[in-house]
Ligand SMILES: C[S@@+](CC[C@H](N)C(=O)[O-])C[C@H]1O[C@@H](n2cnc3c(N)ncnc32)[C@H](O)[C@@H]1O
C-alpha cells in the first residue's frame, strides 16, 4: 500500500518551478517519484539523491547546506518532515529566510510524525497564514511567509560541530542530523570492547580497514591509528562531515566517502567494522541488512573478516548464509550480538 503522505507529496511534485525547492530526508521511496522535474532538490541521503538523479532530477547531496541561496529567493519549499526534531526546526528556520513574502512552505507528514505541532510552529516562525488538508492520518499544511517572521525555532545549532564530552578519552566531534549524534551507541561500545578477542589481534588494526556506516567515526577512531589504511563510509551527509573532522583532529589518515552501504567502493578490505542501521526513515527495512551483507561480501579481500554488531532479534547469521566461508556468533550481552564473518584465503 502506498504511504498516504507520499500520495499527497506526489501531487505537489508534479507542479515544478525553478523558484521552488524540494527538501528530501530519508523517508521518500525514490522509485515511486515521478521521473524528471524542473524542481531542484537538496537532500542529505546519498542513496536517495543518486536514485533521484538517475530519474533525471537535479538533486544536490549535502547536509542541507542552503547557504548559497539568497534570502527571499524562493516562492515555494516542499518538505516531508524528518524524524529528528532539530532537522525539522532547522529547515523551517531556513524556509523563513529563503521564502519571499507570501511564498509557501508545504509541510507534509503523518500525525504520528508530529506534523500537527510542526505545522503550528512553522506558522509562528513564518508569520503568515496556515491552511491544512488531511487524508486519513496524512497531513498537508501550507504556511505562507508573512511580513514579520517569528522567533527562530530551537534547532540545537544544527550546523555546529561540537565535542561530545565523555568521562574518558578524547571527545568526539558530532552534530545534530546524524544518527545518535549525542551519545555513544551501546552496541558499538560492546563491539569495540570485544574486537581484539573477536579478531584474535590487538588494536590498532593494521591493513585495509573499512568502517561501514561510520556515523561520526566511533569505531574507526578507537580501532585504528595513523598507520591503518582506513576508509569510512556513510549514506548521511552530516555523518560524513563529522567523521571527516574527527579523523583530521585525531591525526588519522583515512578517506571519508559517501556511499549506499559501500556500493560505490572498490573491494580489497582486510577488516570491515559495522553496526548496520535497521531503520530507514519511519519504517524498519529488512532489505537494508541484506544490502549491507551483500556489499560486505563483495568488499572483503580473500581471508578478510567483518565484525558486525546487531540487536539480538536481527537474523544476521541466517541472512549471511551462502555469502561467507565462515559465520560465527562471537558473543551476546542480552541486547546485542557480535557476528564474525570471514572469507576463505
Ligand atoms: C547504528 S549507526 C552506527 C554508526 C557508527 N558506526 C557508530 O558505531 O556509532 C548506523 C549508521 O549507518 C548509516 N547508514 C544508514 N543507511 C545507510 C546506507 N544505506 N549506507 C551507508 N550507511 C548507512 C547511518 O547514517 C548511521 O551512521
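Residue numbers (my numbering): 614 to 958.
Using N, Cα and C, we set each Cβ at its ideal position, and we do this for glycine too.
The C-beta of residue 954 has 16 or more other C-beta atoms within 10 Å across all chains shown, which makes the residue buried.
The beta carbon of residue 685 is closer than 6 Å to those of 713 in its chain, skipping five residues each way along the sequence. Residue environment analysis places residue 669 among the exposed positions, since fewer than 16 neighbouring C-beta atoms fall within 10 angstroms of its C-beta.
The criterion of a C-beta distance shorter than 8 Å is not satisfied by residue 879 and residue 659. With 16 or more other Cβ atoms from the protein chains shown falling within 10 Å of its own Cβ, residue 736 counts as buried. Separation of the CB atoms of residue 885 and residue 825 is rounded to 6 Å, and the pair is thereby assigned contact status at 8 Å. Between the alpha carbons of residue 625 and residue 742 lies a gap of roughly 19 Å.
The alpha helix (DSSP H) runs lying completely inside the region 814-864 and spanning 4 residues or more are 831-836 and 850-863, given in chain order. If you ignore the 5 residues before and after residue 734, its C-beta comes within less than 8 Å of the C-beta of 702, 705 and 766, all in its own chain and listed in chain order. Along the length of the region 913-944, whole beta strand (DSSP E) runs at least 3 residues long occupy 913-924, reported in chain order. In chain order, 748 and 751 place their CB closer than 8 Å to the CB of residue 620, counting only its own chain and leaving out the 5 sequence neighbours on each side.
The beta-carbon separation of residue 655 and residue 673, rounded to 5 Å, stays under the 8 Å limit for a contact. Out of 616, 641 and 646, the CA that lies nearest to the CA of residue 627 is found in 646. Cβ neighbours of residue 721 within its own chain (closer than 6 Å, five residues either side excluded): 618, 621, 622, 693 and 753. Under DSSP, the beta-bridge partners assigned to residue 720 are 692 and 754. Just measuring C-alpha positions, the residue of 854, 755 and 815 sitting nearest residue 794 is 854. For the options 663, 883 and 944, the alpha carbon positioned closest to that of residue 957 is the one of 883.
A heavy atom of ligand 1 is found nearer than 7 Å to the CB of residue 846. DSSP places residue 647 in the coil class of the three-state scheme, outside both helix and strand. Rounded to whole angstroms, residue 948 and residue 924 show a C-alpha spacing of 6 Å. Secondary-structure assignment with DSSP links residue 885 through a beta bridge to 823 and 919.
Rounded to the nearest whole angstrom, the C-alpha separation of residue 757 and residue 682 is 19 Å. Beta-bridge analysis with DSSP links residue 776 to 786. CA-to-CA, the gap between residue 805 and residue 630 works out to about 49 Å. Within 10 angstroms of the beta-carbon of residue 768 lie 16 or more other beta-carbons, which makes it buried.
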